[in-house]
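First up is the structure itself, then whatever we jot down about it.
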């Protein structure tokens with residue numbers, strides 16, 4: 001997909017969100033206005049084997065007629081060990097506004113800066129993130145410097161943010177486990193046909209089950225299959241119950257993050273945001289969805305300003 | 001695989017354990033002594049599509065020179081809805097010695113009896129078993145009529161047995177979830193090379209983690225991956241930790257079964273038995289491994305006696 005750059009605009013920097021399976025690039029001016037945009041499936045996985053990172057980047061920049069000297073700033077898996085050039089993790093607690101200091105620059109025909117991910121060794125169990133830290137910088141750019149941020153997805157990140165500093169964070173494998181169990185375990189037989197509407201009663205009931213002090217995930221899953229054999233549940237009941245058990249278990253496991261009545265800011269697609277907000281309300285928590293669509297770009301732009309203007 | 005029948009023996013019945021992916025048959029005399037034995041990959045999955053059940057059974061019997069009128073008794077998935085002929089679940093609480101009353105007989109050239117599975121609707125969450133009930137009948141035949149039986153595997157069954165009656169039971173998807181997560185999730189990258197020796201310290205530590213009141217499985221898994229990125233764990237540490245988290249979570253979820261100091265009788269392969277016994281000891285429970293290899297045959301033989309001699 002291509003959006004043509006306005007011919008008379010003067011680009012300030014190219015911002016790149018380079019994930020495992022997706023590539024996204026924006027050409028922006030000094031105010032952060034978008035002058036051109038590219039998106040493709042040239043993620044880290046597609047580029048790593050033949051080390052196509054530099055070539056892919058140049059190809060996309062050329063398509064937008066970007067000047068040869070235009071600098072580029074990149075967040076995401078391009079900075080992983082298996083990526084273009086490793087940008088070593090920065091350890092928590094860490095100020096997100098300082099991450100630009102730890103960018104690494106691979107060999108390229110123009111200035112290229114890859115932002116680092118975050119790791120946790122002391123402030124909680126071992127954990128890592130790569131890409132989400134730049135979304136968090138975007139959250140800060142949007143005015144939220146202190147709070148609990150919940151970022152659902154394949155690997156859900158919960159983050160304790162305090163005056164722009166990531167104090168600690170924790171990952172739940174909720175999305176990946178939902179995917180594996182719903183598509184590949186015996187439970188797949190009880191949820192044919194893929195996505196369907198939420199069965200609110202089944203979801204809520206499952207979330208509340210997962211909040212019980214004696215709850216155990218693996219000993220609760222099989223009843224979904226048994227219910228399909230012993231009764232005639234509604235078509236969307238099994239998937240909604242699985243979703244409720246997993247999201248409920250995640251929220252129960254993250255209680256320490258929002259204890260004491262803290263608001264949980266949710267960064268996700270509208271559909272997923274609504275599910276998490278619903279479950280958080282059942283936990284008595286305050287949930288506030290954030291528009292996540294532009295966060296990476298805002299975080300990249302904030303880092304670019306630090307790198308090229310403010311310093 | 002074939003064991004030749006002794007030429008002058010007089011078979012009393014053929015016993016069949018017909019699972020999803022395996023077929024096993026024993027020809028026995030009136031005392032239960034094995035006269036011949038067959039094993040193959042003709043499980044339910046391989047037979048269902050073209051309804052080869054009768055043909056496969058006759059082929060194996062012929063190979064053992066079984067008399068044309070010899071009766072057959074079958075346990076397992078051959079009695080599932082997708083099997084040869086559905087043997088409807090018998091609901092708990094139920095006396096295992098009575099299951100022979102609920103066999104079904106498919107059309108065949110000889111008397112064939114398929115034993116039913118068990119279901120639970122009132123004595124706990126919806127649950128089902130098919131095949132394990134015959135192993136349980138074998139446990140009873142071995143002299144244990146009252147106790148807690150733990151049957152680890154793909155779908156682990158915990159059973160509350162009282163004077164030969166299954167009061168209630170519960171399934172944990174521990175084996176299947178271990179398989180999916182270790183082979184297909186992001187954690188696979190931290191546990192290459194498949195099975196290796198147990199890292200006892202990592203296993204024990206994980207089991208104890210899973211016993212904590214605030215434990216949550218999905219929020220604990222990712223630290224295994226992060227540890228692989230941030231430190232240099234021993235080669236067998238990641239898989240042992242995953243195993244400990246999952247078995248620990250299962251045992252914690254099944255606490256009500258062995259509360260009050262009840263001994264847990266474990267029915268599994270020696271290796272898996274040892275893992276469960278180790279984790280149960282950490283929970284302060286008494287664990288006693290049972291030799292599971294002959295249980296199905298003993299259960300089938302007990303049902304055959306009821307069907308053909310005692311009645």
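Chains as they are written, first to last, in full-length UniProt numbering: chain F, 1 to 311; chain L, 1 to 311.
We put the beta carbon where it would ideally sit given N, CA and C, even for glycine.
Determine, using beta carbons only, whether residue i comes closer than 8 Å to chain F.
| i | result |
| --- | --- |
| residue 205(L) | no |
| residue 246(L) | yes |
| residue 293(L) | no |
| residue 2(L) | Interpretation of residue 2(L) is limited by its pLDDT of 45, a score under 50 that renders its predicted location unreliable; the figure taken from the coordinates is listed afterwards. No, residue 2(L) does not count as interfacial toward chain F. |
Does the beta carbon of residue i come closer than 8 Å to any beta carbon on chain L?
| i | result |
| --- | --- |
| residue 188(F) | no |
| residue 304(F) | no |
| residue 250(F) | yes |
| residue 222(F) | yes |
| residue 216(F) | yes |
| residue 5(F) | Residue placement at residue 5(F) cannot be trusted, given a pLDDT of 47 that sits under 50; what the coordinates show is reported in the next sentence. So no, residue 5(F) is outside the interface. |
List the residues of chain F that residue i touches, going by C-beta distances under 8 Å, in chain order.
| i | result |
| --- | --- |
| residue 185(L) | 173, 176, 177, 180 |
| residue 226(L) | 119, 120, 125, 126, 127, 128, 171 |
| residue 155(L) | 186, 222 |
Taking just the CA atoms, how far does residue j sit from residue i?
| i | j | result |
| --- | --- | --- |
| residue 35(F) | residue 72(F) | 14 Å |
| residue 46(L) | residue 120(L) | 28 Å |
| residue 228(F) | residue 131(L) | 19 Å |
| residue 31(F) | residue 147(F) | 27 Å |
| residue 301(F) | residue 15(F) | 7 Å |
| residue 24(L) | residue 88(F) | 55 Å |
| residue 278(L) | residue 154(L) | 19 Å |
| residue 75(F) | residue 39(F) | 15 Å |
| residue 86(F) | residue 169(L) | 51 Å |
| residue 10(L) | residue 253(L) | 48 Å |
| residue 298(L) | residue 142(L) | 8 Å |
| residue 92(F) | residue 158(F) | 13 Å |
| residue 365(F) | residue 190(F) | Outside the modelled stretch of chain F, which goes from 1 to 311, sits residue 365(F), for which no answer is possible. |
| residue 19(L) | residue 176(L) | 16 Å |
| residue 266(L) | residue 113(F) | 57 Å |
| residue 290(L) | residue 165(F) | 55 Å |
| residue 225(L) | residue 53(L) | 45 Å |
| residue 33(L) | residue 101(L) | 24 Å |
| residue 110(F) | residue 215(F) | 55 Å |
| residue 305(L) | residue 13(L) | 9 Å |
So which residues on chain L does residue i lean against when the C-beta distance must stay under 7 Å?
| i | result |
| --- | --- |
| residue 254(F) | 219 |
| residue 229(F) | 128 |
Going along chain L, which residues have a C-beta under 8 Å from residue i?
| i | result |
| --- | --- |
| residue 235(F) | Under the 8 Å cutoff, chain L gives no residues; its nearest Cβ is about 17 Å from residue 235(F). |
| residue 258(F) | Going along chain L, no residue has its Cβ under 8 Å from residue 258(F), so there is no contact; the nearest lies around 13 Å. |
| residue 208(F) | Result: empty, since nearest Cβ-Cβ is about 14 Å, beyond 8 Å. |
| residue 150(F) | Here the premise fails: no neighbours, minimum Cβ distance about 12 Å. |
| residue 213(F) | 213 |
Give the range of the alpha helix (DSSP H) segment to which residue i is assigned.
| i | result |
| --- | --- |
| residue 184(F) | 174 to 184 |
| residue 228(F) | 218 to 230 |
| residue 209(F) | 200 to 211 |
| residue 270(F) | 270 to 282 |
| residue 44(L) | 44 to 48 |
| residue 288(F) | First-last for residue 288(F): 286 to 291, but that is the beta strand (DSSP E), not the alpha helix (DSSP H). |
| residue 149(F) | It is not in any alpha helix (DSSP H) - residue 149(F) instead sits in the beta strand (DSSP E) that spans 147 to 151. |
| residue 247(L) | 237 to 253 |
| residue 140(L) | 132 to 141 |
From what residue to what residue does the beta strand (DSSP E) around residue i run?
| i | result |
| --- | --- |
| residue 306(L) | That residue, residue 306(L), is in no beta strand (DSSP E); it is neither H nor E in DSSP. |
| residue 162(F) | 156 to 162 |
| residue 75(F) | 72 to 76 |
| residue 37(F) | 34 to 40 |
Got a sec: is the Cβ-Cβ distance from residue i to anything in chain B below 8 Å?
| i | result |
| --- | --- |
| residue 290(F) | Absent here is chain B; the protein component of the structure consists of chains F and L. |
Is there contact between the region 180 to 197 of chain L and the region 95 to 111 of chain L, where contact requires at least three CB pairs shorter than 8 Å? no
Decide if the region 200 to 207 of chain F is in contact with the region 137 to 156 of chain F; the criterion is three or more beta carbon pairs, one per stretch, under 8 Å apart. no
Three Cβ pairs or more, each shorter than 8 Å: is that satisfied between the region 246 to 255 of chain L and the region 125 to 143 of chain F? no
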